[in-house]
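Some notes on the structure that comes next.
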Amino acid sequence: MTGATGVGSMPGDTQHAYAEAVRAVLGELGASGLPYLPEVPGRGAPAGMTGRALAVVSELGADLQPAGWRLTGNDGSGADHRRARSLLAQDLDGLEEQTQGYEGALKIQVTGPWTLATTVEKPRGDKVLSDRGARRELAQALAEGLREHVRDVRRRVPGVRRLVVQVDEPALSAVLAGSVPTASGFHRHRSVDLPEASATLAWVLEAVDGAGAEPWVHTCAAGTPLRLLRGAGARGLSVDLDLMSAADHDELAEALESGESVVLGVLPATDPADPPTDAAVTERVLRWLEMLGLDPATTGDSLLLSPACGLAGASTAWSRRALALVRAAAGHLSD
2 MTGATGVGSM
12 PGDTQHAYAE
22 AVRAVLGELG
32 ASGLPYLPEV
42 PGRGAPAGMT
52 GRALAVVSEL
62 GADLQPAGWR
72 LTGNDGSGAD
82 HRRARSLLAQ
92 DLDGLEEQTQ
102 GYEGALKIQV
112 TGPWTLATTV
122 EKPRGDKVLS
132 DRGARRELAQ
142 ALAEGLREHV
152 RDVRRRVPGV
162 RRLVVQVDEP
172 ALSAVLAGSV
182 PTASGFHRHR
192 SVDLPEASAT
202 LAWVLEAVDG
212 AGAEPWVHTC
222 AAGTPLRLLR
232 GAGARGLSVD
242 LDLMSAADHD
252 ELAEALESGE
262 SVVLGVLPAT
272 DPADPPTDAA
282 VTERVLRWLE
292 MLGLDPATTG
302 DSLLLSPACG
312 LAGASTAWSR
322 RALALVRAAA
332 GHLSD
């Protein structure tokens with residue numbers, strides 16, 4: 002049975018907007034899809050991708066500088082880092098309240114180690130990406146923090162039968178290509194070799210798997226090597242269908258045939274001028290499956306549909322409609 006889900010973020014800039022996002026996700030996806038813990042980054046840096054991940058990271062302090070997030074070494078957490086942790090706890094409280102009696106699947110999201118290394122600075126400046134030891138330390142702290150985070154989510158939502166942790170890596174392709182700018186903006190950080198990229202990501206994915214959850218990786222950037230993600234331990238791939246190369250299509254087909262999960266991003270993340278119908282979305286996915294030589298009846302629950310990326314930049318109306326569209330299209334594919 003083809004399912005439906007979303008990448009993670011939702012529009013809004015208040016705690017009330019977060020509560021509404023939870024209701025929307027559970028209402029549209031809770032019956033037969035894969036609902037998720039929403040992210041509402043419009044509430045500020047502590048609620049953004051980096052702040053959210055630093056709230057999960059174990060035993061590392063951080064603070065927010067004019068240039069962005071910076072690790073603080075042994076100096077403890079700054080006020081914004083404490084706020085990020087408090088906000089995550091509040092969001093989990095809200096999820097717990099709205100999932101009383103819920104039984105089924107659930108997805109949570111976290112920024113991956115390589116994207117985090119491009120958005121966080123070392124205590125004395127420059128990106129964590131610039132220092133091999135620093136990026137190892139940050140990745141391992143993220144892995145340890147995720148173990149506790151998974152345990153916390155399971156405690157709060159005991160009816161979860163299948164827990165997915167989606168690791169977001171939109172910057173991985175830039176890391177591998179050596180195109181991440183330095184702090185000055187005049188130079189680029191050296192590219193990271195494939196074995197290190199895989200091993201570092203594997204620490205995080207293995208921690209998720211060891212905690213009893215399914216490790217998936219999401220990327221909305223062209224050029225991300227999907228084979229590397231699978232080799233590092235990803236049991237699910239979440240991608241933007243419009244950005245896939247011929248090699249990517251082959252890799253996705255192989256993943257489906259191996260029983261791994263594939264989430265196809267088939268709708269725009271912001272309000273389109275001419276929204277597609279659920280029938281049009283269904284037809285697009287059927288053409289894709291036909292191109293790969295796959296029968297939708299054989300993909301089972303390994304194939305899921307979603308918007309192409311997070312919905313934080315969308316209107317509230319489109320965010321709800323997009324989830325409803327992928328749910329309806331997934332239903333047609335399962336008929």
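Going by our numbering, the final residue of the sequence shown carries number 336, and the count climbs one at a time with no gaps. No residue lacks a Cβ here, since even glycine has one placed at the ideal position from N, Cα and C.
Three-way DSSP call (helix, strand, coil) for Pro42 in this model: Pro42 falls in the helix class under three-state DSSP.
C-beta contact flag for His188 and Ser131 at 8 Å: No, the pair does not count as a contact, with Cβ atoms beyond the cut-off.
Within 8 Å, strictly: CB atoms of Ala331 and Leu306: Cβ atoms of Ala331 and Leu306: closer than 8 Å.
Run of the beta strand (DSSP E) containing Leu72, from where it starts to where it stops: Boundaries of the beta strand (DSSP E) harbouring Leu72: Gly69 to Leu72, taken from the DSSP string.
Beta-carbon gap between Trp217 and Val176 smaller than 8 Å: The answer is no: Cβ separation not under 8 Å.
Buried versus exposed call for His17 [16 or more other C-beta atoms within 10 Å across all chains shown]: Around the C-beta of His17, fewer than 16 other C-beta atoms lie within 10 Å, and the residue is accordingly described as exposed.
Uninterrupted beta strand (DSSP E) stretches inside the stretch 75-155 (no shorter than 3 residues): Fully enclosed beta strand (DSSP E) runs of no fewer than 3 residues occupy 105-112 of the stretch 75-155, in order along the chain.
Per-residue DSSP class, three states only, for Asp279: Reduced to three states, the DSSP call for Asp279 is helix.
DSSP bridge partner residues for Thr220 (one or two, in chain order): Per DSSP, Val240.
Exposure label - Arg231; buried when at least 16 CB within 10 Å: Residue burial annotation: Arg231 is buried, with at least 16 other C-beta atoms found within 10 angstroms of its C-beta.
Simplified DSSP assignment, three categories, for Pro182: Strand, per DSSP.
Integer Cβ distance of Gly95 from Ala20, believed to fall under 8 Å: Ala20 and Gly95 do touch by the CB rule: their CB atoms are close to 6 Å apart, below 8 Å.
Continuous beta strand (DSSP E) stretch holding Ser307: start and end: Looking at the DSSP string, the run of the beta strand (DSSP E) that includes Ser307 is Leu304 to Pro308.
Under 8 Å between C-beta atoms of Glu122 and Trp70: If you check the CB distance, Glu122 and Trp70 come in under 8 Å.
Pairwise C-alpha distance: Met11 and Val23: Val23 and Met11 have their alpha carbons spaced roughly 9 Å apart.
CB-CB length for Val168 against Leu107, believed under 8 Å: Actually they are not in contact, since the Cβ atoms of Val168 and Leu107 sit about 16 Å apart, beyond 8 Å.
Whole-number beta carbon distance between Leu242 and Thr300, since they are thought to touch under 8 Å: Not really, about 15 Å apart at Cβ, beyond 8 Å.
Touching by the beta-carbon criterion (3+ pairs, under 8 Å), the stretch 260-275 and the stretch 306-323: With a cut-off of 8 Å, the stretch 306-323 and the stretch 260-275 count as touching, because enough Cβ pairs lie within range.
Alpha-carbon to alpha-carbon, Leu324 and Leu293: In a straight line, the C-alpha of Leu293 is about 25 Å away from that of Leu324.
Own chain, CB closer than 6 Å to Glu145, minus 5 neighbours either side, in chain order: Result list for Glu145: Ser59, in chain order.
Segment limits, alpha helix (DSSP H) that includes Leu326: Residues Thr317 to Ser335.
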